[in-house]
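Asker: Quick one: the structure is below, questions incoming.
Number of protein chains: 2
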Amino acid sequence: MTVQTVSTNRSFDGVQGVYRHTSRATGTDMVFSVFVPPHAEGTKLPVVWYLSGLTCTHANVTEKGEFRRLCADLGLIFVAPDTSPRGEGVADDAAEAYDFGLGAGFYVDAVEAPFAAHYRMWSYVTEELPKLIADNFPADPTRQSIMGHSMGGHGALTIGLTHPDRFRAVSAFSPIVAPSQVPWGEKALGGYLGNDRAAWRKHDAVALIEDGARYPELLVDQGDADPFLAEQLKPHLLAQACDKAGITLLLRLQPGYDHSYFFISTFMGDHLRWHAERLGQPKR
Amino acid sequence: MTVQTVSTNRSFDGVQGVYRHTSRATGTDMVFSVFVPPHAEGTKLPVVWYLSGLTCTHANVTEKGEFRRLCADLGLIFVAPDTSPRGEGVADDAAEAYDFGLGAGFYVDAVEAPFAAHYRMWSYVTEELPKLIADNFPADPTRQSIMGHSMGGHGALTIGLTHPDRFRAVSAFSPIVAPSQVPWGEKALGGYLGNDRAAWRKHDAVALIEDGARYPELLVDQGDADPFLAEQLKPHLLAQACDKAGITLLLRLQPGYDHSYFFISTFMGDHLRWHAERLGQPKR
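Just so you know, the sequences run in chain order H and Z. What the first sequence shows, in numbering that gives the first Met the number 0, is residues 0 to 283, in sequence order. What the second sequence shows, in numbering that gives the first Met the number 0, is residues 0 to 283, in sequence order.
Below you can see the structure in the form of structure tokens.
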């Protein structure tokens with residue numbers, strides 16, 4: 000698997016890189032970013048996965064996420080994939096809406112035409128990219144964790160609940176917790192997976208928990224001034240499901256905060272420290 | 000003076016705002032950003048001015064500068080103006096080059112046609128905007144400091160050296176220290192101020208020091224992998240001038256760092272702590 004370097008920049012004594020490769024999963028070129036903190040030659044480091052929200056590429060969190068200082072302090076590799084396949088021949092939403100198609104892959108493997116051809120973000124993020132990271136970076140595949148924002152919070156929760164043994168920590172910023180029950184999710188899961196709602200349950204954190212998926216503890220930050228809170232995010236549905244299932248959920252409603260990177264960057268440090276502790280990295 | 004709010008976002012328990020007003024100095028609408036940290040009602044806070052480099056608006060540092068966490072901790076207001084007038088009727092470089100005209104005001108009051116009509120960034124940044132900030136934000140005008148990057152480092156140094164009593168700290172990231180002696184500066188100062196090089200000396204940090212301007216101590220960070228280092232930045236010229244003049248210059252050559260915000264954000268914390276100490280804010 001060949002990885003092409005788009006750019007590298009020294010930052011916080013580590014290296015912030017952007018890379019491109021031809022993905023077998025999506026059948027397109029894919030771009031992702033990786034921050035590698037300063038480390039002794041030969042050391043293998045834990046990996047934090049960050050899944051982005053609607054409209055985003057790797058670039059949003061890479062520029063605005065304010066994760067590098069803490070990843071450098073805590074010794075964490077930080078990987079940010081794109082949110083969908085892109086390029087010639089990749090189908091988009093018929094009306095080019097922001098919430099489906101390009102920039103809105105929802106971390107599923109589509110089965111519906113014309114999306115099934117390229118929209119295979121589940122396979123990309125859970126199989127292909129982890130192998131590539133393990134092969135090309137000083138990563139310790141036995142120590143991984145996952146977080147995400149909004150649609151990426153949905154991705155982090157569903158992937159974490161599906162692979163509880165792979166990820167030592169799972170957290171989210173303003174996640175879509177029950178896509179089957181909200182407009183963003185109904186549009187996306189219907190469009191990618193078809194009308195049989197039973198097939199959606201593997202890609203819905205609340206439904207996964209109802210169906211028996213378990214994870215010891217989850218951290219979720221949610222701004223109470225988030226314009227999507229009431230209609231699209233509904234964190235109380237996750238709280239109810241976790242409560243019933245005996246999952247410890249640390250759900251923090253942050254007063255005055257919205258859905259933006261001004262919110263995410265504020266609490267990124269808390270999340271990275273939570274992950275580092277569970278990844279066995281020394282506290283700072 | 001009416002200030003229109005473009006956006007406000009809660010961040011690090013303070014407020015990151017973007018504002019627009021009609022400037023008398025430039026004769027155009029101008030946009031700027033202000034971060035106000037959490038503070039007790041009625042408190043007046045010190046103000047750090049940040050001047051941006053070529054091509055930038057207020058947005059670059061606001062998104063990528065990673066200043067809010069420390070400004071919140073240290074109790075600093077952070078103001079980021081635009082780098083030039085913009086809008087209908089504002090002259091640009093004939094070839095629309097990035098280093099003159101729009102996005103490249105160089106913090107001077109132009110006297111050459113057609114730039115004299117709007118390119119009055121010196122008056123804007125040293126007179127009009129400070130009054131507006133003092134009138135509209137919880138700012139203590141007796142406690143101000145200034146920093147900047149590249150062209151904005153040039154602005155911070157020349158403004159600081161011209162108003163040593165107004166600014167309690169002056170620092171820069173990869174500044175243009177001697178515009179009269181480098182291509183970027185020769186093009187800009189010639190274009191805005193005309194061919195009489197004597198008139199350029201007030202807008203050249205090294206020349207200002209040679210002509211008697213003094214400031215107790217300056218902090219400059221410069222990446223040694225900066226592609227502009229040898230031809231445009233030449234920090235040794237500042238070191239020589241400071242040495243001769245008895246000005247303490249803390250010039251740090253940072254190995255492997257380039258000219259980007261990946262560099263700036265790495266050392267932003269050091270600069271803000273340096274400023275806070277000199278602004279009388281408690282250490283964190």
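The C-beta atom is built at its ideal place from N, Cα and C for all residues, glycine as well.
1) What's the call for G154 of chain H, buried or exposed, on a 16-neighbour Cβ count within 10 Å?
2) Which residues in chain Z have a C-beta closer than 8 angstroms to the C-beta of S173 of chain H? List them in chain order.
3) Using three-state DSSP, classify R85 of chain Z as helix, strand or coil.
4) My guess is that P45 of chain Z and L278 of chain Z are in contact by the Cβ rule of under 8 angstroms, so how many angstroms apart are they, rounded?
5) Would you call the stretch 52-63 of chain Z and the stretch 78-88 of chain Z in contact, with 3 or more CB pairs under 8 angstroms?
6) Within a Cβ cutoff of 6 angstroms, which residues of the same chain sit near A198 of chain Z, ignoring the five residues on either side of it in sequence?
7) Can a CB atom of chain Z be found closer than 8 angstroms to the CB of S259 of chain H?
8) Could you list which residues in chain H have their beta carbon closer than 7 angstroms to that of S51 of chain Z, in chain order?
9) Go ahead and pull the three-state DSSP assignment for L372 of chain H.
10) Alpha carbons only, please: which of H:F99, H:V205 and H:D257 is nearest the one belonging to S173 of chain H?
11) Can you grab the Cα-Cα spacing for the pair S144 of chain Z / Q180 of chain Z, in whole Å?
12) Can you tell which of H:L128, H:K282 and H:G268 has the C-alpha that lies nearest to the C-alpha of Y18 of chain H?
13) Is it right to say G211 of chain H is buried, meaning 16 or more other beta carbons lie within 10 angstroms of its own, or is it exposed?
14) Just list the residues that DSSP pairs F34 of chain Z with in beta bridges.
15) For a minimum of 4 consecutive residues, which ranges assigned as the alpha helix (DSSP H) are wholly contained in the stretch 231-260 of chain H?
16) The beta strand (DSSP E) that contains A218 of chain H, what's its start and end?
17) Measuring alpha carbon to alpha carbon, tell me which residue in Z:D164, Z:E111, Z:L217 and Z:M146 is nearest G288 of chain Z.
18) So, is the C-beta of E65 of chain H closer than 8 angstroms to a C-beta in chain A?
19) Considering only the beta carbon of each residue, do T25 of chain H and R165 of chain H sit closer than 8 angstroms?
20) For a test of the three-state rule: what should DSSP assign to T28 of chain Z, helix, strand or coil?
21) Considering P163 of chain Z, what are the terminal residues of the alpha helix (DSSP H) in which it resides?
22) Looking at chain H, is there any beta carbon in it that lies within less than 8 angstroms of the beta carbon of S10 of chain Z?
23) Closest to G222 of chain H by C-alpha separation, out of H:Q15, H:R251 and H:Q280, would be which residue?
24) Report all residues from its chain with a CB closer than 8 angstroms to the CB of L53 of chain Z; omit the five preceding and five following residues, and keep chain order.
25) With 16 other CB atoms within 10 Å as the buried threshold, where does Q3 of chain Z fall?
26) Mind checking if A224 of chain H is an interface residue toward chain Z, Cβ cutoff 8 angstroms exclusive?
27) Step through the CB atoms of chain Z and report whether any lies within less than 8 angstroms of the CB of Q15 of chain H.
28) How far does the alpha helix (DSSP H) with G184 of chain H in it reach, from first residue to last?
29) Ignoring anything shorter than 4 residues, give me the alpha helix (DSSP H) runs that lie fully in the stretch 80-140 of chain Z, in order along the chain.
30) Beta-carbon separation of I76 of chain Z and F31 of chain Z under 8 angstroms?
31) With which residues is G147 of chain H paired in a DSSP beta bridge?
32) Go ahead and pull the three-state DSSP assignment for G179 of chain H.
33) Indicate the three-state DSSP secondary structure (helix, strand or coil) for S22 of chain Z in the structure shown.
34) With 9 angstroms as the limit, tell me which residues of the stretch 246-272 of chain H have their beta carbon closer than that to any beta carbon of chain Z; keep them in chain order.
35) So, helix, strand or coil for T4 of chain H, using DSSP?
36) Which residues mark the beginning and the end of the alpha helix (DSSP H) in which E40 of chain H is found?
Answerer: To lay it out plainly:
1) Reading the first sequence from its first residue, position 155 is the one you call residue 154 of chain H. By the 10 Å Cβ count, G154 of chain H comes out buried.
2) One-based indexing of the first sequence puts residue 173 of chain H at position 174. Under the 8 angstroms cutoff, chain Z gives no residues; its nearest Cβ is about 13 angstroms from S173 of chain H.
3) Counting from 1 along the second sequence, the entry for residue 85 of chain Z is found at position 86. If DSSP states are grouped into helix, strand and coil, R85 of chain Z belongs with coil.
4) On the second sequence, position 46 is the one that residue 45 of chain Z refers to. On the second sequence, position 279 is the one that residue 278 of chain Z refers to. Indeed, because the Cβ distance is near 4 angstroms, the residues count as touching under 8 angstroms.
5) yes
6) Sequence index remark: in the second sequence, residue 198 of chain Z carries index 199 (1-based). Hits under 6 angstroms: L192.
7) Here the question's residue 259 of chain H lines up with position 260 in the first sequence. The C-beta of S259 of chain H comes closer than 8 angstroms to at least one C-beta of chain Z.
8) Here the question's residue 51 of chain Z lines up with position 52 in the second sequence. What S51 of chain Z touches in chain H: nothing, since even the nearest Cβ is about 15 angstroms away.
9) This structure cannot speak to residue 372 of chain H, because chain H is shown only from 0 to 283.
10) Working through the first sequence from its first residue, we reach residue 173 of chain H at position 174. If we check each option's Cα against that of S173 of chain H, H:D257 comes out closest.
11) Here the question's residue 144 of chain Z lines up with position 145 in the second sequence. Here the question's residue 180 of chain Z lines up with position 181 in the second sequence. One C-alpha to the other measures close to 27 angstroms.
12) Position 19 of the first sequence holds residue 18 of chain H. The shortest C-alpha separation from Y18 of chain H is found at H:L128.
13) Residue numbering aside, residue 211 of chain H sits at position 212 when the first sequence is read from its first letter. So G211 of chain H ends up on the exposed side.
14) Translated into the one-based positions of the second sequence, residue 34 of chain Z becomes position 35. Note: F34 of chain Z sits in a beta bridge opposite Z:Q15 and Z:F77.
15) For secondary structure counted as the alpha helix (DSSP H) over 4 or more consecutive residues, the stretch 231-260 of chain H holds these complete runs in sequence order: 234-244.
16) Position 219 of the first sequence, counted from the first residue, corresponds to residue 218 of chain H. Sequence inspection shows Leu at residue 218 of chain H; the Ala mentioned does not correspond to that position. L218 of chain H -> beta strand (DSSP E) spans E216 to G222.
17) Nothing in the structure corresponds to residue 288 of chain Z, since chain Z is present only between 0 and 283.
18) Among the chains of the structure shown, chain A does not appear; the protein chains present are H and Z.
19) Here residue 25 of chain H corresponds to residue number 26 of the first sequence, with the count starting at 1. Here residue 165 of chain H corresponds to residue number 166 of the first sequence, with the count starting at 1. No, Cβ-Cβ distance for T25 of chain H and R165 of chain H is not below 8 angstroms.
20) If you number the second sequence from 1, residue 28 of chain Z lands on position 29. In the sequence under discussion, the amino acid at residue 28 of chain Z is Asp, which differs from the Thr named in the question. D28 of chain Z: strand per DSSP, three-state reduction.
21) Position 164 of the second sequence, counting from 1, holds the residue named residue 163 of chain Z. That residue, P163 of chain Z, is in no alpha helix (DSSP H); it is neither H nor E in DSSP.
22) Here the question's residue 10 of chain Z lines up with position 11 in the second sequence. With 8 angstroms as the cut-off, S10 of chain Z counts as an interface residue toward chain H.
23) Stepping through the first sequence from its first residue, residue 222 of chain H is reached at position 223. The option with the nearest alpha carbon to G222 of chain H is H:R251.
24) Looking up residue 53 of chain Z in the second sequence gives position 54. Answer for L53 of chain Z: T82, Y97, D98, G102, A103, S149, M150 and W183, listed in chain order.
25) Residue mapping note: residue 3 of chain Z aligns to position 4 of the second sequence, counting from 1. By the 10 Å Cβ count, Q3 of chain Z comes out exposed.
26) Your numbering for residue 224 of chain H matches position 225 in the first sequence. Yes, its Cβ sits closer than 8 angstroms to a Cβ of chain Z.
27) Walking along the first sequence from the start, residue 15 of chain H turns up at place 16. Yes, its Cβ sits closer than 8 angstroms to a Cβ of chain Z.
28) Numbered from its first residue, the first sequence carries residue 184 of chain H at position 185. Counting along the chain, the alpha helix (DSSP H) containing G184 of chain H begins and ends at P182 to L192.
29) 128-135
30) The residue labelled residue 76 of chain Z in the question sits at position 77 within the second sequence. The residue labelled residue 31 of chain Z in the question sits at position 32 within the second sequence. No, the Cβ-Cβ distance between I76 of chain Z and F31 of chain Z is not below 8 angstroms.
31) Looking up residue 147 of chain H in the first sequence gives position 148. Paired residue(s): H:L50 and H:A171.
32) If you number the first sequence from 1, residue 179 of chain H lands on position 180. Correcting the residue identity first, residue 179 of chain H is Ser in this sequence and not Gly. Note: S179 of chain H maps to helix in three-state DSSP.
33) As a working mapping, residue 22 of chain Z is identified with position 23 in the second sequence. Residue state, collapsed to three classes: coil.
34) Q253, P254, G255, Y256, D257, S259, Y260, F261, F262, S264, T265 and G268
35) Counting from one through the first sequence, the residue named residue 4 of chain H turns up at place 5. Strand at T4 of chain H.
36) Here residue 40 of chain H refers to the residue found at position 41 when the first sequence is read from its first residue. It is not in any alpha helix (DSSP H) - E40 of chain H carries neither H nor E in the DSSP assignment.
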